[in-house]
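Protein chains in written order, with my numbering: chain V, 457 to 764; chain G, 457 to 764; chain C, 457 to 764; chain R, 457 to 764. For glycine and all other residues, C-beta sits at the position ideal for the given N, C-alpha and C. The next block holds one structure in the form of structure tokens; read it before the comments.
4 protein chains.
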Amino acid sequence: VGSLDWNLLLYDFVSAPSDGQVHRIEGSILSRQTRFQKVDIYQSEGFGKILTLDNRVQSLERDEFVYHEAFIHPAMVHCREPKRVLVIGGGEGACLREVLRHSTVEQAVMVDIDGELVELCRKHLPTWHQGAFDSPRVKFLAQDAKDYVQECRERFDVVIVDLSEPTPGTPAYFLFTVEFYQLLARVLQDGAVVTFQSDAPALHAPAIWSITVNTIRQVFPYTRPYVCTVPGFGSEWGFTLASFSPLQEMDAAQVDDVLAQRTAADKLRFYDGATHERLFRLPKYMRQWLADETRSFTLDNPPLDKLL
Amino acid sequence: VGSLDWNLLLYDFVSAPSDGQVHRIEGSILSRQTRFQKVDIYQSEGFGKILTLDNRVQSLERDEFVYHEAFIHPAMVHCREPKRVLVIGGGEGACLREVLRHSTVEQAVMVDIDGELVELCRKHLPTWHQGAFDSPRVKFLAQDAKDYVQECRERFDVVIVDLSEPTPGTPAYFLFTVEFYQLLARVLQDGAVVTFQSDAPALHAPAIWSITVNTIRQVFPYTRPYVCTVPGFGSEWGFTLASFSPLQEMDAAQVDDVLAQRTAADKLRFYDGATHERLFRLPKYMRQWLADETRSFTLDNPPLDKLL
Amino acid sequence: VGSLDWNLLLYDFVSAPSDGQVHRIEGSILSRQTRFQKVDIYQSEGFGKILTLDNRVQSLERDEFVYHEAFIHPAMVHCREPKRVLVIGGGEGACLREVLRHSTVEQAVMVDIDGELVELCRKHLPTWHQGAFDSPRVKFLAQDAKDYVQECRERFDVVIVDLSEPTPGTPAYFLFTVEFYQLLARVLQDGAVVTFQSDAPALHAPAIWSITVNTIRQVFPYTRPYVCTVPGFGSEWGFTLASFSPLQEMDAAQVDDVLAQRTAADKLRFYDGATHERLFRLPKYMRQWLADETRSFTLDNPPLDKLL
Amino acid sequence: VGSLDWNLLLYDFVSAPSDGQVHRIEGSILSRQTRFQKVDIYQSEGFGKILTLDNRVQSLERDEFVYHEAFIHPAMVHCREPKRVLVIGGGEGACLREVLRHSTVEQAVMVDIDGELVELCRKHLPTWHQGAFDSPRVKFLAQDAKDYVQECRERFDVVIVDLSEPTPGTPAYFLFTVEFYQLLARVLQDGAVVTFQSDAPALHAPAIWSITVNTIRQVFPYTRPYVCTVPGFGSEWGFTLASFSPLQEMDAAQVDDVLAQRTAADKLRFYDGATHERLFRLPKYMRQWLADETRSFTLDNPPLDKLL
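Structure, rendered in structure tokens:
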């Protein structure tokens, strides 16, 4: 066709279809239907490789360090001595990568329902996992997280719940309800810290975020929601720390201290004490949303389309 | 990212960047850099597979029958007895497929510079070639068309020139000039008919089409431009018959008669006598453009960006 | 926001949401909600002004001559002596403009439900109407076409039905059914010719076109569907001539002859005898669709979303 | 055209053309060319009205409170007693609105080169200015900021520099250089605080932000850059406090205290002490960019396309 220019555009809306992000795509690296979902990896012009699952952007090569450092380290530093860590989901292996930076970690168990996805990520996303799957400290299980937690006889110091959106019909659907959060108690060591990705506190569609956080609050007596801007998502993104034991507020010096003791802190590009303080200070209107939120997701009232 | 809907969009502008076509893409089937060009095959929602070269749409599964029947049969039926046919370009194999429908054809030689592209099309675009490459009547050469024509000692009854856009830097650049058209005379049998894809006679940017046709007129004493609407391109598309012998106007009955003698005419979905009459009757304003056109492409004045 | 480039894009899909057209917009000229519909006029980069009704592209400055010449003149030349013409819809005034080119016309009555739309077009789209509304031969009535036809005591030689898409909820809904076409008989002079815009015979979604044509065939014993490519729509567009008297096939010479007698034929840019022959020769697959079509739109089975 | 759905899309890229934001537009409210720039106001589906200047998004109705509270209050609370405030640019009137919340303010002078823009904003953007232009404390001058500053005999406690992007050819071009910042010293009271919007610290294109901040550092001995996420921009946005006197770090309690004394703090939706602490704690990688930045914009080396 008579054209001098052309673009393959990846369009991903943020929280509501009225507004979204567009990324110019240079080409496709992979397109595969696994037993559980459609996996695509694209080469983008601005953000390197982009991984999508069922056509939704999951992470971008150039800024995944923001997402994964923001997600993992707050839970790790809030835990006095994280020896055993459970990662639920997190197929790219970047959660594992950040977990392993902590020298206290003796074992990290990762449970992702889609073993084929994990194989594809191991092969095609080396800058994400950076060899984490090969660590002797890592055990990977291709299993439904619900089954794993129900049958598990082990306990963990930190649990990381990195699941795709709770869209009806996707594997992660049940995993966003009060019932699953209650089940999680089975695998928690005393003083354990859990962290959840909690969707976007979008100004024009905040409901998923505030209900997700409130759902966590129904089960865990101590919670600390925090918010990080992920550049490639074009939006702020919520995470929530949760525990059955008190979660002490940590200042920059304390965080930097823990990082210095346990990790090669200079390897981190996003997270340190000052960044930690940024993450946990929410804008006033987000605090207000949480204060006002009374809804929660349960098996009888799961995350529905109309809420999204 | 929190989205329930999402689209990968293939954007291809028509003749000028101000206006274009968008196709929803379900996934990528192939993305490969050959020695000569970037080859992508996508699965689209509305038009099946789409082949792009260097990010420009070449053909779409659902409507390629329109393009290829419109392109091949007028030249074939204008030729009294097409025994030997040369196809320059046409990597998908669909030109060959249509050529082979004519029972008179003894040999069809296809010359495409990019042998790897042809291999990819053989593997991934079976509905295009429908086995044409395996016909004993077909000979394929992975060679520069210019070199082939310069060294060729054979002559042909019909020559089909199916080249990508004459964008500076692409293999097809030289092949849109007066000089190449003069060279073609070497391989033409007496009474031979040549057909060229001739770009889009776009209302808001008609120059490439009218100059391309006028370039052909500089070399061939007999020419018959015609125009077909290709649905997936969202525009009309030009083709041009050319010969050193008179090209007689054929009416519907004559065309249907030739088709009936030589082909299984009921297999054709787009082309027949009535369609033929449609193709060769141009809208008044296009005839006016051709009447007014005095420019042509030569080695000293090749198809430049500014003309496109 | 930190940007050097930017685009306002008008997206309009063709027949099905999988594929569409994009036009770069330089600015908005008008945005108004009338009693009946949302009216917008944009300045586009490639096609001049664009009129949309309820966010659907109706016509484009640069190519409306194609649409309106293709629509009006076949009906006019098929009518032996068109003295009285009725235009239903056609708010831009370009149908009137083409009707008035025929010197036989004594009166043209235009009935459009939306008087405010017509006022806006008179003011903002001068290149469309070119003063047609001011002609002493023209009478404009802001009235529902159904009411007008039901109460009308006049009869017409040519009737032009230029209505928006039959989307549920829009004014044109009833006007696409067998029942309305039957009602039209009331206002037809002996030998009258009616012409309908009949939607797009889109390769990937042909149903609206073929059912619309078949609906007309249920009422009128003589019909002649034809197809024109409208560049700004990025697709072919259907029109249908219909009559209770035989519609004789006309060749190029006959058409040119009628135009020469009645009009300043050199003012036409798209239509003449050769173009006429193009329009009425449909591609083979479109003829096949019509041959196979048995459905029609009635009050009990109106044009529904699921058909579109 | 045969469509059931349709979108007018406003595309605005963030920092580099590879990635951008798309907003669905319901209609245009205004499109006007003033003496200085093209002004458009759109009605969007997700963010209410959107103001663009020369086709670049300036602010969005639904989230402008984030931008303007983040921009104005840090400078105001860092100033011991802001009596006289100068706003350069800020045509929407929302900067004034936030300035006037501080009871210490006796006079706010706003200088915007484009008086016609300000008139349009007064008329069409009432939720932005909320009557600020009518306050007896406000004086508006339609004047080039450079001329105003050069000739000014008054001095100010706070100066707010709210300018469009420094694109070559736009009014704001000179106003992003070392030379203009030096000129500003003329109008500063002892202890005055200046605040600048400083563009986006975009992960894939951080240069404008880091050079802008560094340019400010060339002139002012005390600077405090901070970063706010603006949802409608789909990105983080930089602001910079600057002074010739020390800028003391303020904690949440101090900020809340000042707000309580001077403003009806409960009217603020985004800004308070906790939000303040978030704003001034930059992510680690942004701090690194600033530490590494050595370039600056001067008249001899102005913000060029290649940097953007």
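**Asked** How should R:LEU576 be labelled, buried or exposed, when 16 other C-beta atoms within 10 angstroms of its C-beta is the threshold for buried?
**Response** buried
**Prompt:** Would you report the Cα separation of G:ARG725 and G:ALA656, rounded to the nearest angstrom?
**Reply:** 22 Å
**Request:** Pick out whichever of R:GLN645, R:PHE636 and R:ARG642 has its Cα sitting closest to the Cα of R:PRO758.
**Result:** R:PHE636
**Prompt:** CA-CA distance, C:LYS762 and C:SER471?
**Reply:** Summary for C:LYS762: the model assigns pLDDT 45, below 50, so the residue's position carries little reliability, and this model does not support an answer.
**Request:** For the stretch 631-665 of chain R, enumerate the residues whose C-beta is nearer than 9 Å to any C-beta of chain C, in chain order.
**Result:** ASP655, ALA656, ALA658, ALA661, ILE664 and TRP665
**Short CB-CB distance (under 8 Å) between V:SER484 and chain G** = yes
**Asked** Expressed to the nearest angstrom, what Euclidean distance is found between the alpha-carbon atoms of C:GLY542 and C:PHE492?
**Response** Here the sequence assigns Leu to residue 542 of chain C, which means Gly is not the residue at that position. Taking the straight line from one Cα to the other gives about 21 Å.
**Asked** What separation, rounded to the nearest whole angstrom, lies between the Cα atoms of R:PHE695 and V:PHE753?
**Response** 39 Å
**Asked** Does the beta-carbon distance from V:ARG680 to V:LEU703 come in below 8 Å?
**Response** yes
**Prompt:** Hey, R:GLU554 and R:SER515: beta-carbon distance below 8 Å or not?
**Reply:** no
**For R:SER474 and V:ILE481, the rounded distance between their alpha carbons** = 8 Å
**V:ILE785 and V:ALA598 closer than 8 Å at C-beta** = The shown model of chain V, from 457 to 764, leaves out residue 785 of chain V, and the question about it has no answer.
**8 Å contact criterion, which R:SER620 and R:LEU509 should meet: CB distance rounded** = 6 Å
**Request:** Output the distance between the C-alpha atoms of C:LEU507 and C:GLN499, rounded to the nearest integer angstrom.
**Result:** 9 Å
**Message:** Taking 8 Å as the threshold (beta carbon to beta carbon), is C:PHE503 in contact with chain G?
**Reply:** yes
**Prompt:** Can you round the beta-carbon distance between R:CYS551 and R:PHE527 to whole angstroms, since I take them to be within the 8 Å contact cut?
**Reply:** 7 Å
**Request:** Check whether the Cβ atoms of V:SER654 and V:THR633 sit closer than 8 Å, and answer yes or no.
**Result:** no
**Message:** I'd like to know whether the C-beta of R:ASN670 is nearer than 8 Å to at least one C-beta of chain C.
**Reply:** no
**Asked** What do you reckon, are the CB atoms on C:GLY546 and C:MET566 nearer than 8 Å?
**Response** yes
**Asked** To the nearest whole angstrom, what separates the beta carbons of V:LEU464 and G:LEU464, a pair I think is in contact under 8 Å?
**Response** 7 Å
**Request:** Might you give, ordered along the chain, the residues of its own chain that have their beta carbon closer than 6 Å to the beta carbon of V:HIS732, omitting 5 neighbours on each side?
**Result:** VAL711
**Asked** CB-CB under 6 Å to V:GLY688, same chain, minus the five flanking residues each way: which ones, in chain order?
**Response** PHE503, LEU516 and ASP519
**Asked** Taking the C-alpha atoms as reference points, what is the distance between R:LEU697 and V:TYR678?
**Response** 37 Å
**Prompt:** Does the beta carbon of C:ALA472 come closer than 8 Å to any beta carbon on chain G?
**Reply:** yes
**Request:** With a 10 Å radius around its C-beta and 16 neighbouring C-beta atoms as the bar for buried, classify G:GLN477 as buried or exposed.
**Result:** buried
**Message:** Rounded to the nearest angstrom, what separates V:HIS529 and V:MET706 at their Cα positions?
**Reply:** 12 Å
**Prompt:** Helix, strand or coil: how does DSSP classify V:ASP613 here?
**Reply:** strand
**Asked** Quick one: what's V:CYS684 bridged to in DSSP?
**Response** V:TRP693
**Message:** Using a Cβ-Cβ distance cut-off of 8 Å, determine whether G:GLU692 contacts chain C.
**Reply:** yes
**Asked** By how many angstroms is the C-alpha of C:TYR467 removed from the C-alpha of R:ASP468?
**Response** 16 Å
**Asked** For V:GLU501, which residues of its own chain have a beta-carbon under 7 Å away from its beta-carbon, when the five flanking residues on both sides are left out?
**Response** ARG480 and GLU482
**Request:** Could you confirm whether any beta carbon from chain V is found closer than 8 Å to the beta carbon of R:ALA730?
**Result:** yes
**Prompt:** Would a check of beta-carbon distances place R:LEU697 closer than 8 Å to chain C?
**Reply:** no
**Message:** I'd like to confirm the pairing. Which residues does DSSP put opposite R:VAL567 in its beta bridges?
**Reply:** R:ILE544 and R:LEU597
**Request:** Identify, in the order they occur along the chain, each residue of the same chain with its Cβ nearer than 7 Å to the Cβ of G:GLN674, setting aside the five sequence neighbours on each side.
**Result:** VAL634 and SER752
**Asked** If you measure from the beta carbon of V:LEU703 to each beta carbon in chain R, is any gap under 8 Å?
**Response** no
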